[in-house]
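Asks: The opening residue of the sequence shown carries number 85 in my numbering; numbering runs sequentially from there. Following this message is one structure expressed as structure tokens.
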Amino acid sequence: MKITISQAPEHTGEKVTIGAWLANKRSSGKIAFLQLRDGTGFMQGVVVKNDVSEEVFQLAKNMTQESSMYITGTIAEDKRSPFGYEMQVTDLELIHEASDYPITPKEHGTEFLMDHRHLWLRSKKQHAVMKIRNEIIRATYQFFNDNGYVKIDPPILTGSSAEGTTELFHTQYFDEEAYLSQSGQLYMEAAAMAFGKVFSFGPTFRAEKSKTRRHLIEFWMIEPEMAFFDHEESLEVQEQYVSFVIQAVLENCKLELEALERDTVKLEKMQAPFPRISYDDAVQLLRDKGFTDIEWGVDFGAPHETAIAESYDKPVFITNYPKEIKAFYMKPHPDRSDVVLCADLIAPEGYGEIIGGSQRIDDLELMQERYEQHGLTGPAYEWYLELQKYGSVPHSGFGLGLERTVAWIAGVEHVRETIPFPRLLNRLYP
Ligand code: 4AD
Ligand code: MG
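Laid out in structure tokens, this is it:
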């Protein structure tokens, strides 16, 4: 019977066949240990000279890294390996012999590995990161489906900018100029007025000349938007959602977290509610921590965010930023016109901002005022004003950056390893 490695636990004691690649190998005169992978997992195959034909033993002993095969044998428990099962091999059929696979078990530099990303994805750690990414996506759909949200897909090609014009990718749309989406938010607001609670999940693009461990040019964002939700209610959704995703990863990605040597004790503590600190208090906290030159009104950089996060053992919401440094659509604080009803969620351990969210302006006159201040004119923006014109309601939403969230949960230093094929300042290949 043909099975996958992931199905091995259900076939203990049975003779099965698996289509696999050779990840690594150790052998002595009488025994060969084949480290097998098949996409669903990693497992050892043990080939004992006396138990197989001479031809099979020679095949096993001489097999090269990343050669492909059908391997047959009996599944047995193996208490020493994290997976817990191995195959006692009886037969081996080579499908394709690989020669000189470039990524060997020795250490390689990151640039070399990134150049070979199409192959690097096969390695155990990269495999674990992508499985965790997949689980976060799965849990995201589950959370929002279970809570009555409708998935809505905003366009990728747009005529407007949601997050400021400096980081837009320009493209030609027949006779018009168009942009790649920076955020689906404006469309999600329209969708919330049609469906109540909505979420999107899709690629977004920022032509940002940043070369940091937190920045990608192309990244994936989850953008929920809720009609009749105020800012505080949105924060509750955010902390519930993030807690849910972490618990799902802890439950369903045990082998992957172990392969990455992630400290799961830290992750287990990440349960709602999350602490909140106002921007005002955060400025004071930073001054107390030695950032003496920080002035009220400036945006926080990575070192500031890290310093604030260090004061907490959970993600922390920084709320009510100055209006001047935030997007045009954010609703002013009812008691303070200089700050807006918004929050950034900062992950622990230096992973930085994973969510940006806010309550939105729901007043036509105020929005028109913002349009004038920001020079937003033309048909690309006019439709958005109509949301305020026909049954405007309080509404809030947020955007969670998938890759920064994967980096944090998987414990990976740099976001470039959290997306299958990263688009970076100097990298459009592979
Ligand atoms: O804070 P941002 O820019 O917010 C928005 O785009 C809102 N329109 C979202 C909304 O309210 N619907 O981006 C949201 C998140 C950030 O917190 C961060 O996690 C991620 O997107 N992000 C990036 N991730 C990787 N590389 C980049 N260059 C990123 N820019 C933002
Ligand atoms: Mg932001």
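A virtual CB, placed ideally from N, CA and C, is assigned to each residue, including glycine. As the structure is a computational prediction, the values presented were derived from the model and not from experiment.
Under DSSP, the beta strand (DSSP E) around Val282 begins and ends at which residues?
Replies: It spans 281 to 289 - the beta strand (DSSP E) in which Val282 sits, taken as one unbroken run.
Asks: Would a C-beta distance cut-off of 8 Å place Ile392 and Leu370 closer than the cut-off?
Replies: Their beta carbons are under 8 Å apart, which means Ile392 touches Leu370 by this criterion.
Asks: Tell me, to the nearest whole angstrom, how far the beta carbon of Leu429 is from that of Gln322; I am working on the premise that it is less than 8 Å.
Replies: Right, their Cβ atoms sit about 6 Å apart.
Asks: Do the region 235 to 248 and the region 452 to 469 touch if we need at least three Cβ pairs shorter than 8 Å?
Replies: Yes, they touch.
Asks: Starting from Pro406, follow its DSSP beta bridges and name the residues at the other end.
Replies: Beta-bridge pairing links Pro406 to Val423.
Asks: Looking at the structure shown, is Pro238 part of a helix, part of a strand, or coil, going by DSSP?
Replies: Correct three-state label for Pro238: coil.
Asks: Express the C-alpha separation of Glu139 and Leu222 in angstroms, rounding to a whole number.
Replies: Looking at the sequence shown, residue 222 is not Leu but Arg. One C-alpha to the other measures close to 44 Å.
Asks: Can you tell me whether Phe258 is buried or exposed? The criterion is at least 16 other CB atoms within 10 Å of its CB, across all chains shown.
Replies: When all chains shown are included, Phe258 counts as exposed.
Asks: If you compare alpha carbons, which of Gln443, Gly125, Glu449 is closest to Gly168?
Replies: Out of Gln443, Gly125, Glu449, Gly125 has the C-alpha closest to the C-alpha of Gly168.
Asks: Glu437: beta carbon under 7 Å from a heavy atom of ligand 2?
Replies: The answer is yes for Glu437.
Asks: Can you round the beta-carbon distance between Glu342 and Pro166 to whole angstroms, since I take them to be within the 8 Å contact cut?
Replies: Between Pro166 and Glu342 the Cβ distance is about 5 Å, and since that is below 8 Å, they are a contact.
Asks: Measuring alpha carbon to alpha carbon, tell me which residue in Tyr325, Arg110, Val213 is nearest Pro308.
Replies: With distances taken between Cα atoms, Pro308 lies closest to Tyr325.
Asks: Please check if any C-beta of chain C sits within less than 8 Å of the C-beta of Gly248.
Replies: Considering every chain present, this structure includes no chain C. It has just one protein chain.
Asks: Please check the pair Ile220 and Pro287, which I expect to be a contact at CB under 8 Å, by giving their CB distance rounded to whole angstroms.
Replies: In fact, because the Cβ distance is near 16 Å, the residues do not count as touching under 8 Å.
Asks: Does the beta-carbon of Leu401 have 16 or more other beta-carbons within 10 angstroms, so that it is buried, or is it exposed?
Replies: Per the sequence shown, the amino acid found at residue 401 is Phe instead of Leu. It counts as buried.
Asks: Taking DSSP as the reference, what is the three-state secondary structure of Val131?
Replies: The answer is strand: DSSP assigns Val131 an E or B state.
Asks: Can you tell me whether Phe196 is buried or exposed, with buried defined as 16 or more other CB within 10 angstroms of its CB?
Replies: Flag for Phe196 reads exposed.
Asks: Sort Asn146, Gln472, Glu98, Tyr363 by Cα distance to Gly113 and report the nearest one.
Replies: The option with the nearest alpha carbon to Gly113 is Asn146.
Asks: Here's a check: name, in chain order, each residue in its chain whose Cβ is nearer than 8 Å to the Cβ of Leu448, leaving out the five neighbours to either side.
Replies: So the list reads Leu469, Gln472, Lys473, Ser476, once near-sequence residues are dropped.
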